[in-house]
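Protein chains: 2
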Amino acid sequence: MSALEELDVAECERLLRRGVFGRIVLVAGGRPEIVPVTYTTHGDAVWVRTSPGSLLDRYADGEPVLLEIDHVDHERGHGWSVVARGHGERVPEGERSDAERRTSGPPRWVRREDEVWIQLRWEELTGRRTGSGWDLAAGLPVDRIGR
Amino acid sequence: MSALEELDVAECERLLRRGVFGRIVLVAGGRPEIVPVTYTTHGDAVWVRTSPGSLLDRYADGEPVLLEIDHVDHERGHGWSVVARGHGERVPEGERSDAERRTSGPPRWVRREDEVWIQLRWEELTGRRTGSGWDLAAGLPVDRIGR
Numbered sequence: 001m002s003a004l005e006e007l008d009v010a011e012c013e014r015l016l017r018r019g020v021f022g023r024i025v026l027v028a029g030g031r032p033e034i035v036p037v038t039y040t041t042h043g044d045a046v047w048v049r050t051s052p053g054s055l056l057d058r059y060a061d062g063e064p065v066l067l068e069i070d071h072v073d074h075e076r077g078h079g080w081s082v083v084a085r086g087h088g089e090r091v092p093e094g095e096r097s098d099a100e101r102r103t104s105g106p107p108r109w110v111r112r113e114d115e116v117w118i119q120l121r122w123e124e125l126t127g128r129r130t131g132s133g134w135d136l137a138a139g140l141p142v143d144r145i146g147r
Numbered sequence: 001m002s003a004l005e006e007l008d009v010a011e012c013e014r015l016l017r018r019g020v021f022g023r024i025v026l027v028a029g030g031r032p033e034i035v036p037v038t039y040t041t042h043g044d045a046v047w048v049r050t051s052p053g054s055l056l057d058r059y060a061d062g063e064p065v066l067l068e069i070d071h072v073d074h075e076r077g078h079g080w081s082v083v084a085r086g087h088g089e090r091v092p093e094g095e096r097s098d099a100e101r102r103t104s105g106p107p108r109w110v111r112r113e114d115e116v117w118i119q120l121r122w123e124e125l126t127g128r129r130t131g132s133g134w135d136l137a138a139g140l141p142v143d144r145i146g147r
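Those protein sequence lines, which keep their order, are chains A and B.
Position 71 of the first sequence, counting from 1, maps to 71 under full-length UniProt numbering, and the rest follow consecutively.
Position 107 of the second sequence, counting from 1, maps to 107 under full-length UniProt numbering, and the rest follow consecutively.
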């Protein structure tokens, strides 16, 4: 068992930019909701895809939302978590096309039609870890596939 | 790429009861918040520990909260997620002692003093998966350590 330690902003940003999977958390009708997503970063924003009429499409635009990513090593009983907080924003068509030309976008794990893109420009990055003496990025997929 | 499929309640419950790590999501002052936790199930409730004055201690009692667990296989680009929705409830001292005698409680990954226990009696269990032909429980720690 170890203490909980804060991660500095640079470390949070490094982990956020290297990850591809996380969870968007938002408030829908006064209730908490969570949506697992694949994401990409574009500038200082997280971009995700969603379907028209989804929770993200209906409740994220202009509202406080966050993205959480984490990695846990069950055998050793330690892990880390990073949270990017900001407001959700529906990506306008023009800006989206521009970004699509420059990035590959979030990984596509799910077949989906008629996509809506939501961005979260982060206003605050916070993170915590338990344990020390291990590489926090080791659990991220981009490391595992050698990128 | 595959379609997103709903998990039935029995499968959600099976995964929930076998997991030990998840994320509590709640609303704090109108804003969404997420708290990574280790948990245990006790009857039809999720039990977690927290510290006095924490987000969970201040904002979960009597309010709508959820626990989300998931597992992702980055190489194959698939995964599952289960969400238990209900209301948070501070566990009374007497009930807590009783449960402590009968269960080992959530795994302790973090050193903490003066604990508060919060329970979430689930009112709704939902889950989703991508892909098929793989064992959803294979990513859970209780399998990996042979329990």
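Cβ coordinates follow ideal geometry from the N, Cα and C atoms, glycine included.
Values in this document were obtained by computation on a predicted structure and should not be read as measured data.
Report the neighbours of A:Ala-3 on chain B: residues whose CB is nearer than 8 Å to its CB, in chain order.
The residue labelled residue 3 of chain A in the question sits at position 3 within the first sequence. Neighbours of A:Ala-3 on chain B, chain order: Val-110 and Arg-111.
Counting only the same chain and skipping the five closest in sequence on each side, list residues whose C-beta sits under 7 Å from that of B:Val-72.
Translated into positions along the second sequence, residue 72 of chain B becomes position 72. So the list reads Gly-79, once near-sequence residues are dropped.
Identify every run of the beta strand (DSSP E) within the segment 6-59 of chain B, keeping only runs that are complete inside it and at least 3 residues long; order them along the chain.
DSSP runs (the beta strand (DSSP E)) wholly in the segment 6-59 of chain B: 21-28, 31-42 and 45-50.
Could you tell me whether the Cβ atoms of A:Ser-81 and B:Pro-32 are closer together than 8 Å?
Residue 81 of chain A sits at position 81 when you count from the first residue of the first sequence. Residue 32 of chain B sits at position 32 when you count from the first residue of the second sequence. For A:Ser-81 and B:Pro-32, no; Cβs fall outside 8 Å.
For B:Glu-120 and A:Ser-97, what's the separation of their Cα atoms in angstroms?
For the purposes of this step, residue 120 of chain B is taken as the residue at position 120 of the second sequence. For the purposes of this step, residue 97 of chain A is taken as the residue at position 97 of the first sequence. The amino acid at residue 120 of chain B is misidentified as Glu; the sequence shows Leu. Their backbone Cα atoms lie some 43 Å apart in a straight line.
Spell out the partners DSSP gives B:Leu-140 in its beta bridges.
Counted from its first residue, the second sequence places residue 140 of chain B at position 140. DSSP, once it has assigned bridges, lists no residue as partnering B:Leu-140.
Give me the chain A residues within the contact set of B:Thr-130, using Cβ-Cβ distance strictly less than 8 Å, ordered along the chain.
In the second sequence, residue 130 of chain B corresponds to position 130, counting from 1. The answer, in chain order, is Trp-109 and Val-110.
Taking the straight line between their C-alpha atoms, what separation do you get for B:Leu-56 and A:Glu-95?
For the purposes of this step, residue 56 of chain B is identified with residue 56 of the second sequence, where counting begins at 1. For the purposes of this step, residue 95 of chain A is identified with residue 95 of the first sequence, where counting begins at 1. Near 38 Å, if we compare the C-alpha coordinates of A:Glu-95 and B:Leu-56.
Please report the Cβ distance between B:Arg-85 and B:Trp-122, rounded to the nearest whole angstrom; I am assuming they are in contact, meaning their Cβ atoms lie under 8 Å.
By one-based count along the second sequence, residue 85 of chain B stands at place 85. By one-based count along the second sequence, residue 122 of chain B stands at place 122. Sure, about 7 Å apart at Cβ, within 8 Å.
Nearest to B:Glu-5 by alpha carbon, out of B:Thr-126, B:Ala-60 and B:Leu-140?
The residue given as residue 5 of chain B occupies position 5 in the second sequence. Residue B:Thr-126 is the option with its Cα nearest to B:Glu-5.
Going along the segment 20-40 of chain A in order, which residues come within less than 8 Å of chain B, judged by CB to CB distance?
So the list reads Val-20, Phe-21, Arg-23, Val-25, Leu-26, Val-27, Gly-30, Arg-31, Pro-32, Glu-33, Ile-34 and Pro-36, given in the order they occur along the chain.
Count the other C-beta atoms from every protein chain shown that fall within 10 angstroms of the C-beta of A:Ala-3, then say buried if there are 16 or more, exposed otherwise.
Taking the first residue of the first sequence as 1, we reach residue 3 of chain A at position 3. That one is exposed.
Between the beta-carbon of A:Arg-58 and the beta-carbon of B:Glu-68, is there less than 8 Å?
Position 58 of the first sequence, counted from the first residue, corresponds to residue 58 of chain A. Position 68 of the second sequence, counted from the first residue, corresponds to residue 68 of chain B. The answer is no: Cβ separation not under 8 Å.
May I ask you to list, following chain order, the residues of the segment 50-66 of chain A that have a beta carbon less than 8 Å from some beta carbon of chain B?
Against chain B - using a Cβ distance shorter than 8 Å - the residues of the segment 50-66 of chain A are Pro-64, Val-65 and Leu-66.
Between A:Tyr-39 and the rest of its own chain, which residues show a CB-CB distance below 7 Å, the 5 nearest in sequence each way excluded?
Locating residue 39 of chain A in the first sequence gives position 39, counting from the first residue. Correct list, in chain order: Val-20, Gly-22, Val-46, Trp-47, Val-48, Leu-67 and Pro-106.
Identify the contact partners of B:Glu-68 in chain A, using a Cβ-Cβ distance below 7 Å as the criterion.
To locate residue 68 of chain B, count along the second sequence from 1; it is residue 68. Correct list: Arg-23 and Ile-34.
Using 8 Å for Cβ pairs, my map puts A:Gly-62 next to A:Gly-88. What's the rounded Cβ distance?
What you label residue 62 of chain A is simply residue 62 of the first sequence in a count that begins at 1. What you label residue 88 of chain A is simply residue 88 of the first sequence in a count that begins at 1. At roughly 7 Å, the Cβ-Cβ gap stays under 8 Å, so A:Gly-62 and A:Gly-88 are in contact.
To the nearest angstrom, how far is the alpha carbon of B:Pro-64 from that of B:Val-83?
Here residue 64 of chain B refers to the residue found at position 64 when the second sequence is read from its first residue. Here residue 83 of chain B refers to the residue found at position 83 when the second sequence is read from its first residue. Using only the alpha carbons, I get a separation of about 13 Å.
If we define contact as Cβ-Cβ less than 8 Å, is B:Arg-74 a contact residue for chain A?
Translated into the one-based positions of the second sequence, residue 74 of chain B becomes position 74. The residue asked about is misnamed: residue 74 of chain B is His in this sequence, not Arg. Chain A, which has a Cβ nearer than 8 Å to the Cβ of B:His-74, makes this yes.
Along chain A, in chain order, which residues have C-beta atoms closer than 7 Å to that of B:His-78?
Start at 1 with the first residue of the second sequence, and residue 78 of chain B comes out as number 78. The contacting residues are Trp-109.
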